[in-house]
Amino acid sequence: MPRKKLKDANNVSLNITSQIKDTILTDIEIDPVALQYLPSPSEKIIRLNENPDPIGDNIYSPVAGIVNRHTDRVLLKITDTCSVYCRFCFRKEMVGKGAGILSKKEIDTAFNYIATHTEISEIIFSGGDPLTLSNKRLQNLISRLETIDHLKIIRFHTRVPMVNPNRIDTGFINIINQCSKAFYLVLHVNHEQEINAPISGMLDKLSRTPAVLLSQSVLLKNINDNITALENLFRALINNRVKPYYLHHPDLAPGTGHFRVSIKKGQQLMSVLRERVSGLCLPTYVLDIPGGFGKIPIDARYIESLDNNAYLLKDHKGQRHTYDDTQASDSSE
Ligand SMILES: *Cc1c(COP(=O)(O)O)cnc(C)c1O
Ligand code: SF4
C-alpha cells in the first residue's frame, strides 16, 4: 500500500517522531499506529455524555498538580507536555495547552503536601509525560522524594519510551539504578506494531534495572478492538518482560466518540482472551467512573452470589458450576 506523507487537515505536518513513522506500516487511513495520532473530522463531534474533566481530577486536587483520590497514593501532574499528542487523550483539555512544567513554588507546595500526609506511600508521575523532563530535573525531583520516609514507591506513567526509545539513555538508567525507592514504570502502548526492534532493545535495557515494568493500553475502535490485536500486543509485551497492567475503556473526553467501543464488546474480548492467553498476558480491564469516583474493573462477571453461601461460577464455555462456600470461616475484624 502507498505511504502518504503525514499531514493534518490543514496540510500541516504532524508532530510525530521518527519512531512513530517507522512503526506506521500501512495506509495512514487504516494504520493502527497512524490512527492514534491522525486528526479526524469526527473530533468535532462532541457527544452529550462527554466532559472536559472526564475522570473528575479537578475535585480531588488539593494543590496544583496533585490529584489525591485514594488515601495511599497521589498523582502528580508535573507537566502538561507530551512528546506526542494522542487524539483520544483523556486529559485532552489539559495536555499541551502551554502551561509547561509546574513552577518551583507549585512543586514545593506539592512535595510539602506529600511530606505532611504520612498516609501517602506512592507518588504517580503523570501528565503530560514526566519523561519530557530532563534527567537533571528528574534526578532533582527524585532526590527530594527520597528524603520522605513514608513514601515507598515512585511510579511513572509514560508514553515517551515507546515513541522515542533513545530517551531511555544512560542518564535515565542511572537514575533508576540509584533510586532508593521502589520504582515502577508504566508504559503506554496500544498496538503490537509499536513494539519494533528499537523498542525491544530499549525494553531490554530497562528490564536490567530494578524498575518493575508494566503497561497500560486503551481499548480503541479500529485500532485494537479485536482479539488478534490485543492478543499480539499482550504477548509482545510479556515477551519483552513487560506485564500488562491496565486495559482502559476510553474515557469520555470531548470529541473522542469515534474511538469508543461498547463495554459489552470490551467484556467479550476480555473473556475470549482469558481462555486463550497466559494469566501473565492479561491486564485488568478498567473504567474510570466519570465524576471522580475512581477506576473499577469491568471484566465480564464470572461469579454470581446465590442463597445459602453458594456461588454460581461461569467457565469460558459459558457453563455454570455451583460452588459451596459454607465451610469458610472468616476472621472477625
Ligand atoms: C488512576 C489513578 C491512580 C492510580 O490507580 P491504580 O489503580 O493504583 O493504578 C491514582 N490516582 C488517580 C487520581 C488516578 O486517576
Ligand atoms: S501520552 Fe498520554 S497524556 Fe500524552 S497525549 Fe497521549 S494519552 Fe494524553
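Each position in the sequence shown, counted from 1, maps to that position plus 23 in our numbering. Note that CB positions come from ideal geometry on N, CA and C, so glycine has one too. None of these values were measured; they are calculated from a predicted model.
Hey, quick one: how far does the alpha helix (DSSP H) through residue i stretch, first residue to last?
| i | result |
| --- | --- |
| Asn158 | 158–169 |
| Glu129 | 127–139 |
| Pro188 | Here Pro188 belongs to no alpha helix (DSSP H), and DSSP marks it neither H nor E. |
| Ser41 | 41–46 |
| Ile250 | 250–262 |
| Leu58 | 57–60 |
Per DSSP, what kind of secondary structure is residue i in: helix, strand or coil?
| i | result |
| --- | --- |
| Arg26 | With a pLDDT of 42 at Arg26, under the threshold of 50, the modelled position of this residue cannot be trusted, and the question is left open. |
| Arg178 | strand |
| Pro273 | coil |
| Ala234 | coil |
| Val118 | coil |
| Val209 | strand |
| Glu52 | coil |
| Gln342 | coil |
| Tyr268 | strand |
| Glu327 | strand |
| Glu66 | helix |
| Leu303 | helix |
| Asn34 | Low per-residue confidence applies at Asn34: pLDDT is 45, beneath 50, and the placement is therefore not dependable, though the value from the model is reported in the following sentence. Reduced to three states, the DSSP call for Asn34 is coil. |
| Asp353 | coil |
| Arg283 | coil |
Ligand 1 and residue i: does any heavy atom of the ligand fall closer than 8 Å to the residue's C-beta?
| i | result |
| --- | --- |
| Leu98 | yes |
| Ile171 | no |
| Ile177 | no |
| Asp227 | no |
| Val265 | no |
For my contact list, residue i and residue j are in at a C-beta cut-off of 8 Å; report their separation, rounded to the angstrom.
| i | j | result |
| --- | --- | --- |
| Phe282 | Lys244 | 5 Å |
| Thr232 | Ile199 | 4 Å |
| Glu52 | Pro277 | Between Pro277 and Glu52 the Cβ distance is about 23 Å, and since that is not below 8 Å, they are no contact. |
| Asp95 | Glu142 | 6 Å |
| Pro77 | Pro320 | Between Pro320 and Pro77 the Cβ distance is about 18 Å, and since that is not below 8 Å, they are no contact. |
Give the range of the beta strand (DSSP E) segment to which residue i is assigned.
| i | result |
| --- | --- |
| Lys337 | 333–337 |
| Leu310 | 307–311 |
| Asn91 | 89–93 |
| Lys318 | 318–320 |
| Leu147 | Sequence check: residue 147 is Ile here, not Leu. Where Ile147 is concerned, the enclosing beta strand (DSSP E) stretches over 145–149. |
| Val97 | 96–100 |
Can you find a CB in chain B that lies within less than 9 Å of the CB of residue i?
| i | result |
| --- | --- |
| Ile312 | You won't find chain B in this structure, because it holds only one protein chain. |
Less than 8 Å between the CB of residue i and some heavy atom of ligand 2, yes or no?
| i | result |
| --- | --- |
| Lys115 | yes |
| His214 | no |
| Gly119 | yes |
| His211 | yes |
| Asp76 | no |
| Phe282 | no |
| Asp347 | no |
On a CA-only basis, which of the options is nearest residue i? Give me that one, please.
| i | options | result |
| --- | --- | --- |
| Leu156 | Ser144, Asn219, Ile191 | Ile191 |
| Ser65 | Thr279, Lys340, Met185, Leu292 | Thr279 |
| Asp330 | Ile47, Gln342, Gly224, Tyr346 | Tyr346 |
| Leu98 | Val118, Phe113, Ile146, Leu260 | Ile146 |
| His180 | Thr193, Pro188, Phe148 | Phe148 |
| Ser230 | Val295, Asp80, Ile196 | Ile196 |
| Asp131 | Gly150, Thr94, Ala87, Asn158 | Ala87 |
| Leu58 | Ile222, Pro184, Phe111 | Phe111 |
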